[in-house]
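Q: Before I ask anything, let me first share the structure, which is written out below as structure tokens.
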Amino acid sequence: MANLTTPPAWTRVINSSLDPGGAGNNAYKCIFVEDFKYVLLPVSYGIVCVVGLFLNLLALYVFIFRIKTWNASTTYMFNLAVSDTLYVVSLPLLVYYYAMGDNWPFSVGLCKIVRFLFYTNLYCSILFLLCISIHRFLGICFPLKSLQWGHVRYARRVSVIVWVVTVVCQSPVLFFVTTSVKRDTITCHDTSRKDLFGQFVIYSSVMLVLLFCIPFLIIIVCYCLMARRLLQPTRGISRLSRSKKKSVKMIIIVLVVFIVCFLPFHVTRTLYYSFRSWDLSCQTLNAINLVYKVTRPLASTNSCLDPILYFLAGQRFMKFAGNKMPGKPQNEMALGIVPTSHLGTSDNTDILSKEVKS
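Count along the sequence shown from 1, then add 1030; that gives the number in our numbering.
Structure, rendered in structure tokens:
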């Protein structure tokens, strides 16, 4: 008798609107009860907003006011912090939206902008992490060749290209995303209208390959080669060995953060978009829907984790963040550039650049 009074987590109903003839084939769909997300999403987005805003503003302060001489790593990390900041300032709108039970009180344009900022930040983060990974790879595995390609002026050009590519690739989101009204409730969709959903899935699949799969594979290859180089036995003092071990640990941490934030979201989103054409049970579809809703805020946590990578990138970053001594110049050492005796264990590009200039 308890099943007669407790609403199910899912149900399968006939959707006759997909059968214009009114006879013959009946299309079925699942309707899910998603009360959990009205607590999960506001709380998680609220935490990401507060923590991410504080950490990224702190990072921007250090980059702008404490680090006087920038290098390639600084340039990429600064742009990453800008991307994260632009995203977290839009989160209060989503917190209010989900707290009100999927009721969007703002304009259609603002709905488009919020969804656009999510995907722009997502793929900006991936591409700038790719740039940082390639920069470190060249510095460790090809330190001499990295003298030219690791210069700050090239990093600035690459950063502009990343922004242009990301904005252009995500601009279709402004076309696809829209709102709909049902029972006095306005929904801000993160996909598209039903008649455009097929095109939206194709577009999302292309973005998945170009802006996630390819960068992810390149990052894995770079870090595997870096780890192999760092783990090779070399002559030197024990301090050098400790530095190498720390570099390997940082590689592992970056990969773990990348996998935790981005991989689950892209996998579950692909399943979420594809299940409509699959003949699956509602239990399976509900599980996919549940996991996808959970991975959305998980993907947003990269805005909080990216600043932690800045601290990991340099032993003195946090020190400079709290350093109140005026007039003390902050140079490349702010990002943990080690002495030249540690060549091959840190940002070799910047070390060699300083030697050439001197």
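The C-beta atom is built at its ideal place from N, Cα and C for all residues, glycine as well.
This structure is a prediction, so every number in the text was calculated from the model and none was measured.
Could you tell me the boundaries of the alpha helix (DSSP H) in which Val1190 lies?
A: Its alpha helix (DSSP H) spans residues Val1182 to Gln1200.
Q: Would you mind reading off the limits of the beta strand (DSSP E) that contains Cys1218?
A: Unbroken beta strand (DSSP E) run through Cys1218: Thr1215 to Cys1218.
Q: Have a look at Val1080 and Tyr1303 and give me their C-alpha separation to the nearest angstrom.
A: Their Cα atoms are separated by approximately 31 angstroms.
Q: Taking Thr1209 as part of the beta strand (DSSP E), name the residues at either end of that continuous run.
A: Residues Thr1209 to Lys1212.
Q: Work out the CA separation of Ile1216 and Cys1252 for me, nearest whole Å.
A: C-alpha separation (whole angstroms): 46 angstroms.
Q: Using three-state DSSP, classify Gln1262 as helix, strand or coil.
A: Note: Gln1262 maps to coil in three-state DSSP.
Q: Spell out a yes or no on whether the segment 1095 to 1113 and the segment 1124 to 1142 are touching, meaning 3 or more CB-CB pairs, one atom from each, closer than 8 angstroms.
A: Because the criterion of three Cβ pairs below 8 angstroms is not met, the segment 1095 to 1113 and the segment 1124 to 1142 do not touch.
Q: Go ahead and label Trp1100 buried or exposed: buried means 16 or more other beta carbons lie within 10 angstroms of its beta carbon, across all protein chains shown.
A: With 16 or more Cβ atoms within 10 Å of its Cβ, Trp1100 is classed as buried.
Q: Which residues in the same chain as Arg1259 place their Cβ atom closer than 7 angstroms to its Cβ, once the five residues preceding and following it in sequence are excluded?
A: Ile1170 and Cys1171.
Q: Name the residue from His1296, Asp1309, Thr1104 and Leu1159 whose alpha carbon lies nearest to the alpha carbon of Ile1249.
A: For the residues His1296, Asp1309, Thr1104 and Leu1159, the minimum Cα distance to Ile1249 belongs to Leu1159.
Q: Compute the Euclidean distance between the alpha carbons of Ser1210 and Lys1142, then round it to the nearest angstrom.
A: Looking at the two C-alpha atoms, the distance is approximately 13 angstroms.
Q: Using 8 angstroms for Cβ pairs, my map puts Tyr1153 next to Leu1241. What's the rounded Cβ distance?
A: Between Leu1241 and Tyr1153 the Cβ distance is about 4 angstroms, and since that is below 8 angstroms, they are a contact.
Q: Terminal residues of the continuous alpha helix (DSSP H) containing Arg1306?
A: Taken as a continuous stretch (DSSP letters only), Arg1306 belongs to no alpha helix (DSSP H), as it is neither H nor E.
Q: Who are the near neighbours of Leu1255 in its chain, counting only those whose CB is closer than 7 angstroms to its CB and skipping five residues on each side?
A: If we look at Leu1255 and ignore the five residues flanking it on each side, its Cβ neighbours are Phe1167 and Cys1171.
Q: Quick one: give me the first and last residue of the alpha helix (DSSP H) that Cys1171 is part of.
A: It spans Val1138 to Cys1171 - the alpha helix (DSSP H) in which Cys1171 sits, taken as one unbroken run.
Q: For Arg1223, is the classification buried or exposed, using 16 other Cβ atoms within 10 angstroms of its Cβ as the cut-off for buried?
A: Arg1223 comes out exposed.
Q: Rank Lys1175, Leu1157 and His1165 by C-alpha distance to the C-alpha of Trp1191 and give the top, closest one.
A: Trp is not the amino acid found at residue 1191; the sequence shown has Ile there. The candidate whose alpha carbon is nearest that of Ile1191 is Leu1157.
Q: What is the rounded straight-line gap between the Cα of Ala1129 and the Cα of His1219?
A: Rounded to the nearest angstrom, the two C-alpha atoms are 15 angstroms apart.
Q: Give the secondary structure of Ser1235 by DSSP, where H, G and I count as helix, E and B as strand, and everything else as coil.
A: Helix.
Q: What did DSSP end up calling Trp1134 once you bin it into helix, strand or coil?
A: DSSP places Trp1134 in coil when its eight states are reduced to three.
Q: Is DSSP giving Arg1223 helix, strand or coil here?
A: Note: Arg1223 maps to coil in three-state DSSP.
Q: Apart from the five residues just before and just after Ala1299, which ones in its own chain have a Cβ nearer than 7 angstroms to its Cβ?
A: Strictly speaking, residue 1299 in this sequence is Arg, with Ala absent from that position. Cβ within range, chain order: Tyr1322.
Q: Select from Phe1341, Tyr1340 and Asp1336 the residue whose C-alpha is nearest the C-alpha of Leu1118.
A: In the sequence as presented, Leu is not what sits at residue 1118; that position holds Val. It is Asp1336 whose Cα lies nearest to the Cα of Val1118.
Q: Determine the extent of the alpha helix (DSSP H) in which Leu1177 is found, giving its start and end residues.
A: Start and end: Ser1176 to Trp1179.
Q: In whole angstroms, give me the CA-to-CA distance for Ala1089 and Tyr1340.
A: When rounded, the distance between both Cα atoms is 8 angstroms.
Q: Please go through the same chain and pick out, in chain order, the residues whose beta-carbon is closer than 8 angstroms to the beta-carbon of Leu1226, but skip the five residues on each side of it.
A: So the list reads Phe1206, once near-sequence residues are dropped.
Q: Does DSSP put Val1119 in a helix, in a strand, or in coil?
A: Looking at Val1119 - three-state DSSP - the assignment turns out to be coil, as it is neither helix nor strand.
Q: Please classify Leu1247: is it buried, with 16 or more other beta-carbons within 10 angstroms of its beta-carbon, or exposed?
A: It counts as exposed.
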